[in-house]
Amino acid sequence: MSDVEDVPETQLEIDVSDGAGLEDDDDDDMEQITAQKVLEIIETAWINEMCAPEILPSQTDMLELMVSQVAHMEEQMRDLDKNDFRAVVHSMELERVRYIMASYMRCRLQKIETFTQHILNQEESREPDDKRLSPEETKFAQEFASNVDEYFHKVATQYMPNQQRGEAEQRIVTPNLMSHVFLKANVAVPAVIVGVDDEEVDMAAGSQHIIPYQLVADLIQNNQAQLI
Numbered sequence: 001m002s003d004v005e006d007v008p009e010t011q012l013e014i015d016v017s018d019g020a021g022l023e024d025d026d027d028d029d030m031e032q033i034t035a036q037k038v039l040e041i042i043e044t045a046w047i048n049e050m051c052a053p054e055i056l057p058s059q060t061d062m063l064e065l066m067v068s069q070v071a072h073m074e075e076q077m078r079d080l081d082k083n084d085f086r087a088v089v090h091s092m093e094l095e096r097v098r099y100i101m102a103s104y105m106r107c108r109l110q111k112i113e114t115f116t117q118h119i120l121n122q123e124e125s126r127e128p129d130d131k132r133l134s135p136e137e138t139k140f141a142q143e144f145a146s147n148v149d150e151y152f153h154k155v156a157t158q159y160m161p162n163q164q165r166g167e168a169e170q171r172i173v174t175p176n177l178m179s180h181v182f183l184k185a186n187v188a189v190p191a192v193i194v195g196v197d198d199e200e201v202d203m204a205a206g207s208q209h210i211i212p213y214q215l216v217a218d219l220i221q222n223n224q225a226q227l228i
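The structure is reproduced here in C-alpha cells:
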C-alpha cells in the first residue's frame with residue numbers, strides 16, 4: 001500500500017457518481033474521496049495508457065487533484081526534521097507519485113505526436129462528453145499538426161504540386177487496434193468475443209487474458225477490466 005496515507009491529508013471532494021471522478025458543483029452528487037483513491041485511479045490510468053495502442057480518455061481532473069495534494073503534503077513535510085526517517089520515506093513516495101504523473105502525461109504526448117491527425121479526426125466526430133483529449137492536449141495536437149504540415153510544405157510538397165492533394169492523407173498514422181494486450185478482469189464479464197470467428201469466453205473476476213485490444217476496448221473504458 002502506498003505511504004501517501006501516512007501524511008495527514010485533506011479530503012478531496014469530487015463527483016464520483018459516474019465512476020469517472022470528475023468535479024461537480026452540485027452538492028447532491030458529491031462525496032468524499034481520499035488522496036489514496038485518486039492515486040489508485042491515476043496508477044490504473046497510467047498502466048492502461050502505457051499498454052493501450054490508442055489514446056484513452058484524459059484523467060486531467062485526477063491529475064489536478066493529485067498535484068494539489070502533493071503540494072499540500074510537501075507543505076506539511078516542511079515541519080518534519082530532515083533526519084526523521086518518515087521524511088525520507090514520504091519524500092521517496094512523493095517522487096514516485098511525480099514519476100507516475102509525468103510518465104502518464106509523456107505517454108499521452110507521444111501518442112498525440114505519433115497519431116496526430118488521426119486523433120484530431122476522431123475528436124471532431126465525438127460528442128463533447130466523449131472527447132478523449134483535454135483542452136490543453138487538443139491545442140498541442142492542433143499546433144503540432146500545423147507545424148508538421150508547414151514543414152512538409154516548405155521542404156517537399158511545394159515542389160511537387162501533383163502530390164499536394166493527397167499528401168496529408170498519406171501521412172496519417174493510425175494505431176493498430178488489433179494488437180494483442182494483456183488484461184485482468186475487474187469484475188465477472190460473460191460472453192466476451194475473443195476471436196475473429198466469434199469465439200466467446202466468460203471472464204471471471206481477477207482472471208487474466210491476452211486478447212486483441214479492439215475486442216476488449218469497451219471493457220477498459222467501462223473499468224470492467226484493466227490492462228497489465
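Sequential numbering of the sequence shown, starting at 1, is according to full-length UniProt numbering. Glycine is no exception: its CB is placed at the ideal position from the N, C-alpha and C atoms. Keep in mind the model is a prediction, meaning the values are calculated, not measured.
Determine the closest residue to residue 114 out of 174, 66 and 101, with distance taken between C-alpha atoms. 174
Is the region 139 to 156 touching the region 183 to 194, taking contact as three or more C-beta pairs under 8 Å? no
Residue 69 versus residue 33: straight-line alpha-carbon distance, rounded: 12 Å
Mind checking which residues open and close the beta strand (DSSP E) that includes residue 184? 180 to 185 is the span of the beta strand (DSSP E), which, as asked, contains residue 184.
So residue 50 packs on residue 107, CB below 8 Å; how close in whole Å? 6 Å
What number of angstroms, rounded off, separates the C-alpha of residue 37 from the C-alpha of residue 66? 10 Å
Would you mind giving the Cβ-Cβ distance between residue 219 and residue 181, rounded to the nearest angstrom? I have them listed as a contact below 8 Å. At roughly 11 Å, the Cβ-Cβ gap does not stay under 8 Å, so residue 219 and residue 181 are not in contact.
Whole runs of the alpha helix (DSSP H) within the region 62 to 116, excluding any shorter than 4 residues: 85 to 114
Helix, strand or coil: how does DSSP classify residue 128 here? Reduced to three states, the DSSP call for residue 128 is helix.
Can you tell me whether residue 222 is buried or exposed, with buried defined as 16 or more other CB within 10 angstroms of its CB? exposed
Is DSSP giving residue 133 helix, strand or coil here? coil
Note down the Cα distance separating residue 139 from residue 81, rounded to an integer number of angstroms. 43 Å
Starting from residue 225, follow its DSSP beta bridges and name the residues at the other end. The partner list for residue 225 (beta bridge, DSSP) reads 185.
Enumerate in chain order the residues of its own chain whose CB-to-CB distance from residue 137 is below 7 Å, with the five nearest sequence positions on each side excluded. If we look at residue 137 and ignore the five residues flanking it on each side, its Cβ neighbours are 58, 108 and 112.
Out of 91, 52, 133 and 61, point me to the one whose CA is closest to residue 41's CA. 61
Using the Cα positions of residue 84 and residue 99, report the straight-line distance between them to the nearest angstrom. 23 Å
Can you find a C-beta in chain B that's less than 9 Å from the C-beta of residue 202? Looking at the structure shown, chain B is missing, and only one protein chain is on hand.
On a Cα-Cα basis, can you pick out the residue from 53, 177 and 152 that is closest to residue 258? Examination of residue 258 is not possible in this model, given that the chain is present from 1 through 228 alone.
If I measure Cβ to Cβ from residue 200 and keep anything under 8 Å in the same chain, skipping five residues before and after, which residues do I get? For residue 200, where only same-chain residues beyond five positions count, the Cβ hits under 8 Å are 191, 192, 193 and 194.
May I ask you to list the residues that DSSP assigns as paired with residue 200? For residue 200, which the question treats as bridged, DSSP gives the partners 193.
Is it the case that the Cβ atoms of residue 45 and residue 56 are separated by a distance below 9 Å? yes
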